[in-house]
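Structure first, commentary second.
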Amino acid sequence: MLLNVNERRSIRSAFGKALAEAGRKNSNIVVLDADLACSTQTATFAKEFPDRFFDMGIAEQDMMATAAGLASTGKIPFAATFAMFATARPYDQIRNSICYPEFNVKIVGTHGGVTVGEDGASHQALEDISLMRGLPNMSVIVPADCRECEEVIKFAAENYGPMYIRIPRTNVCDIFDENYEFDFCKARVIEEGSDVTVITNGETLAEVIQAGEMLKKDGYSVQILHVPVVKPLDDATIIEKAKQTKFVITVENHSIIGGLGSAVCELLSYYYPMPVIRFGVNDTFGQSGKWDELLDYYGLSAEKLAKNIKKQIDRYRLVK
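Rendered as structure tokens:
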């Protein structure tokens, strides 16, 4: 698959527009934000439905508790802010007021991962997926491009249960066309291959696709599996594709502890033990810098991924 990486669109804008579209279809949808409506793009919903939009100020715990209260009356709250502040700061309220009673609250964490950029470590959520997937009743979804994000918001609006949806700050290139339909229960095979199965999601999917094209020119065969739903995992597809190659690599814009890589390790260690190598942020905080430079620094750019995937394939070819 060839991507036009020079044309990128705002996934946050796609989120805002999809939220407004969902609001037109269902008057029970309400939106809460924590003083960041322009950054999260919930301002699009606020402009069209001011009576159904609540700016809670910099009070994330209050925002989540209020969302739970609204859900208890039959409303469908979307609570949005930066991923760091949507998960870590109000964790108690999410656990006890949303997940425990299984209220129909949708939490959207924007600005996930090191690609938040210049805002630095305090704003770069690298633990959010780990925190959310550890909660009973919580689903965790990480869309890769604008089209998928739109489909995920539509799904969230139409289906019951607590959900955490994570999107990046950066603009993203298009991967899926207008015919794409999000399937909550299924991972998606992007590329077939025989040397290694690379499992990823979110904005690193584009980097992995580019890396795969680079490696193909050198005679390497990389299988790419996109797993937008980290919880619940599509166990069957992951096991099936893992069996077709010598080993698995996971790639994520997140700590290698507790996220997608950990989820895949937990699954395969039980059902099909095999080597799994995790590429991500290695148990450290982020830092300030330009988003693309940080992606490269942490080994998540297409160029660095191609180099490191090649190194691992060569290693396993020697073992064989």
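FYI, the numbering for the sequence shown is -8 to 311, going by the numbering used here. The beta-carbon is built from N, C-alpha and C at its ideal position, and this holds for glycine as well.
Residues that residue i bridges to, as DSSP identifies them
i: C164; result: R(-1)
i: T188; result: Q214, V239
i: K298; result: None; K298 has no bridge partner.
i: K222; result: V131
i: P68; result: V21
i: T101; result: F73
i: E198; result: E198 pairs with nothing; no bridge assigned.
i: E182; result: I215
i: R269; result: T241
i: F94; result: DSSP output for F94 lists no bridge partner at all.
i: I156; result: V99, I132
i: H58; result: Strictly speaking, residue 58 in this sequence is Ala, with His absent from that position. DSSP, once it has assigned bridges, lists no residue as partnering A58.
i: S279; result: None; S279 has no bridge partner.
i: A11; result: Its beta-bridge partners do not exist; DSSP assigns none.
8 Å Cβ cutoff met for residue i and residue j
i: K301; j: Y211; result: yes
i: K16; j: R124; result: no
i: G100; j: R157; result: yes
i: D287; j: L258; result: no
i: V187; j: T236; result: yes
i: F276; j: A74; result: no
i: I2; j: C137; result: yes
i: A77; j: E51; result: yes
i: F319; j: L10; result: Outside the displayed span of the chain (-8 to 311) sits residue 319, for which this structure offers no information.
i: Y263; j: A233; result: yes
i: M55; j: E182; result: no
i: L285; j: T195; result: no
i: E109; j: A79; result: no
i: F238; j: Y289; result: no
i: R160; j: L126; result: no
i: A71; j: V(-4); result: no
Chain-order list of residues whose beta-carbon lies under 7 Å from that of residue i (same chain, five-residue window excluded)
i: A148; result: A13, N17, I20, I67
i: D46; result: D24, D26, A28
i: A5; result: C137, C140, E141
i: P152; result: A quick correction: the sequence has Gly, not Pro, at residue 152. Taken in chain order, the residues that qualify are E93, N95, N128, S130.
i: D53; result: M47
i: V312; result: As displayed, the chain neither begins before -8 nor continues past 311, which places residue 312 out of reach and without an answer.
Alpha carbon of residue i to alpha carbon of residue j, nearest angstrom
i: Q247; j: V218; result: Before going on, a small fix: residue 247 reads as Ile here, not Gln. About 16 Å.
i: A178; j: I200; result: 16 Å
i: E139; j: K145; result: 10 Å
i: N95; j: A62; result: 6 Å
i: E198; j: I166; result: 11 Å
i: M129; j: C164; result: 28 Å
i: D209; j: R269; result: 23 Å
i: G249; j: D274; result: 10 Å
i: G193; j: Q278; result: 20 Å
i: T64; j: M265; result: 47 Å
i: G48; j: T31; result: 14 Å
i: G280; j: G60; result: 39 Å
i: A58; j: I229; result: 34 Å
i: N244; j: K38; result: 32 Å
i: L(-6); j: K207; result: 15 Å
i: G103; j: D305; result: 32 Å
i: K8; j: Y91; result: 30 Å
i: D42; j: Q84; result: 24 Å
i: D283; j: V242; result: 16 Å
i: E172; j: L224; result: 18 Å
Beta-carbon contacts of residue i that lie in its chain and below 6 Å, excluding the five residues immediately before and after
i: K97; result: F69, A147, M154
i: P134; result: C140, V143, P219
i: Q115; result: V105, V107, G277
i: F40; result: G14
i: S88; result: A56, A59
i: V272; result: L117, S246, Y289
Supposed contact pair residue j and residue i - C-beta distance, whole angstroms, cut 8 Å
i: V255; j: I215; result: With 8 Å as the limit, V255 and I215 do not qualify as a contact, their Cβ atoms being about 14 Å apart.
i: V131; j: I120; result: 6 Å
i: N170; j: R0; result: Not confirmed; about 17 Å, so no contact.
i: G252; j: V213; result: That belief does not hold up - the Cβ atoms of G252 and V213 are roughly 17 Å apart, past 8 Å.
Other residues of its chain near residue i: CB distance less than 8 Å, five sequence neighbours each side excluded
i: Y82; result: L122
i: E(-2); result: C164, D165
i: M205; result: A293, E294, A297
i: I240; result: V187, T188, V189, I190, V267, I268, R269, F270, I300, Q303
Closer than 8 Å to chain D by CB, residue i
i: I200; result: In the structure shown, chain D does not exist; there is a single protein chain.
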